[in-house]
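K.L.:
Just passing along the structure, written as structure tokens.
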Amino acid sequence: MKLSSRQAFWYAAFLLVFTAIAAYTVANKTWWFPPLASVQGGEIDNLFMITLVITGIVFIAVHVVLAYFVWRYRGRPGGKAAYVTHNTPFEITAAATVAVALVILVGGGTTLWTKIQSPPPADAFTVEVWAEQFRWTFHYPGADGRMGNVDVRFISDDNPYGLDPNDPYAKDDIFATEMHVPYGKPIAVILRSKDVLHSFFLPNFRMKMDVVPGMKTRMWFTPTQAGVFEIPCAELCGVGHYIMRGVLTVESPEQFNDWISQQTPVGMSQ
Ligand SMILES: [Cu+2]
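Under our numbering, the first residue of the sequence shown carries the number 69, and numbering increases by one thereafter.
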């Protein structure tokens, strides 16, 4: 196709304006992440920024060159297309540059993913989370400091989260409608679903894990600040999906102990 000078000018101008708007939107952080609140989230954000800078430079360079070529090689009377078979130095440089960039990105991503998916540290504080249509419930050990076993086979009207009636550690366990965790140590989360697929999402902590019926999934993270954070369900799990939102409070160990002591243990009669 031959572009007239006017067409070439407008097409090139559109490409440059579009690229400038896209670059500005990102550089200005117009739609950006919620405030960061975990150690692991900081590492994820760093890797994200490295990826964004590398791909951003390529994005801008490609579009500026495209705009230039559209203008430079517009249709002109008597213009002839050049015939180029190949250019070995250019091809080697281009392939090597892409290879190096991909090795950096894939290597960084794999290393961080392995670290985040590793088992939690031994001193982690563990909370078990039940997902169901359409709410979150948080299982804590009682005064004995040990969480009782749960199993879906024990679930009944009187025992909605399947505590093992024969487990002595289960008798004083606590089921709360809000998640509270003490500040200053890693937090491990065990996830279970009573019905369908859900997804436990902590945007401020950059953590997200599917909750799968019939199995336990896990995550762990280290909060860097106290505060109240949102726990949306990130898996379309039914008509009430939009109201499936929990609250996570990160607070001092003293405040946490106050809160947990105000929760009522299940007090299973066995
Ligand atoms: Cu859900």
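Every residue gets a Cβ at the ideal spot worked out from N, C-alpha and C, and that includes glycine.
Mark F158 as exposed unless 16 or more other C-beta atoms lie within 10 angstroms of its C-beta, in which case mark it buried.
P.N.:
Exposed, since its Cβ has fewer than 16 Cβ neighbours within 10 Å.
K.L.:
Check whether the segment 256–273 touches the segment 189–207, counting contact only when three or more Cβ pairs, one atom from each stretch, lie closer than 8 Å.
P.N.:
Yes: at least three Cβ pairs fall under 8 Å.
K.L.:
Give me the DSSP bridge partner(s) of V197.
P.N.:
For V197, which the question treats as bridged, DSSP gives the partners F206 and L259.
K.L.:
Where does D191 sit, in a helix, a strand or coil, going by DSSP?
P.N.:
Three-state DSSP puts D191 in coil, outside helix and strand.
K.L.:
Find out if the Cβ-Cβ distance for the pair T194, A256 is shorter than 8 Å.
P.N.:
Cβ distance < 8 Å, so T194 and A256 count as in contact.
K.L.:
For G177, which option in F101, I122, I112 and F324 has the closest C-alpha, if you only look at C-alpha atoms?
P.N.:
Looking at the Cα atoms, I112 is the closest of the given residues.
K.L.:
Out of curiosity, what's the CA-to-CA distance linking N325 and T98?
P.N.:
Distance between the alpha carbons of N325 and T98: 39 Å.
K.L.:
Going by C-alpha to C-alpha distance, which of D219, V174, W100 and V107 sits closest to G282?
P.N.:
Of D219, V174, W100 and V107, the residue nearest in Cα terms is D219.
K.L.:
Take G110 as the anchor and find which of P291, E298, V334 and G306 has the nearest alpha-carbon.
P.N.:
Out of P291, E298, V334 and G306, P291 has the C-alpha closest to the C-alpha of G110.
K.L.:
Measuring from the CB of M312, is there a heavy atom of ligand 1 at a distance below 7 Å?
P.N.:
At least one heavy atom of ligand 1 is nearer than 7 Å to the Cβ of M312, so yes.
K.L.:
With DSSP as the reference, identify every bridge partner of T123, one or two as the case may be.
P.N.:
BP columns for T123 are empty, so no partner.
K.L.:
On the CB-based measure, 16 or more other CB atoms within 10 Å of its CB, does N272 come out buried or exposed?
P.N.:
When all chains shown are included, N272 counts as buried.
K.L.:
How do the segment 177–188 and the segment 221–237 stand: do at least 3 beta-carbon pairs fall below 8 Å, yes or no?
P.N.:
No, the segment 177–188 does not touch the segment 221–237.
K.L.:
Determine the direct distance from the alpha carbon of G143 to that of R74, and round the result to whole angstroms.
P.N.:
Each residue's alpha carbon lies about 10 Å from the other.
K.L.:
Does ligand 1 have a heavy atom nearer than 7 Å to the CB of E303?
P.N.:
The answer is yes for E303.
K.L.:
Does the distance from the CB of Y79 to the CB of V138 come in under 8 Å?
P.N.:
Cβ atoms of Y79 and V138: closer than 8 Å.
K.L.:
Within a Cβ cutoff of 8 Å, which residues of the same chain sit near Q338, ignoring the five residues on either side of it in sequence?
P.N.:
The predicted position of Q338 is uncertain, since its pLDDT is 41 and thus under 50; a value taken from the coordinates is nonetheless stated next. Excluding positions up to five away in sequence, the list reads P233, N234 and K239.
K.L.:
Expressed to the nearest angstrom, what Euclidean distance is found between the alpha-carbon atoms of A129 and A150?
P.N.:
Each residue's Cα considered, the two are about 23 Å apart.
K.L.:
Between the C-alpha atoms of N96 and Y229, what's the straight-line distance to the nearest angstrom?
P.N.:
Each residue's Cα considered, the two are about 46 Å apart.
K.L.:
DSSP beta-bridge partners for F269?
P.N.:
DSSP lists K276 as partners of F269.
K.L.:
What does a CB cutoff of less than 7 Å around V280 pick up in its chain, not counting 5 residues either side in sequence?
P.N.:
Cβ within range, chain order: S261 and L265.
K.L.:
CB of F206 to nearest heavy atom of ligand 1: below 7 Å?
P.N.:
Outside the cutoff, so no.
K.L.:
What does H248 pair with, by DSSP beta-bridge criteria?
P.N.:
H248 pairs with T317.
K.L.:
Please go through the same chain and pick out, in chain order, the residues whose beta-carbon is closer than 7 Å to the beta-carbon of E322, but skip the five residues on each side of it.
P.N.:
Closer than 7 Å at Cβ, skipping near neighbours: no residue.
K.L.:
From V121 to T153, what does the alpha carbon distance come to, in whole angstroms?
P.N.:
One C-alpha to the other measures close to 33 Å.
K.L.:
Determine the extent of the alpha helix (DSSP H) in which F289 is found, giving its start and end residues.
P.N.:
Segment T285 to F289 is the beta strand (DSSP E) holding F289; no alpha helix (DSSP H) there.
K.L.:
Examine ligand 1 and report whether any of its heavy atoms sits within less than 7 Å of the Cβ of F269.
P.N.:
Checking the Cβ of F269 against ligand 1 gives no.
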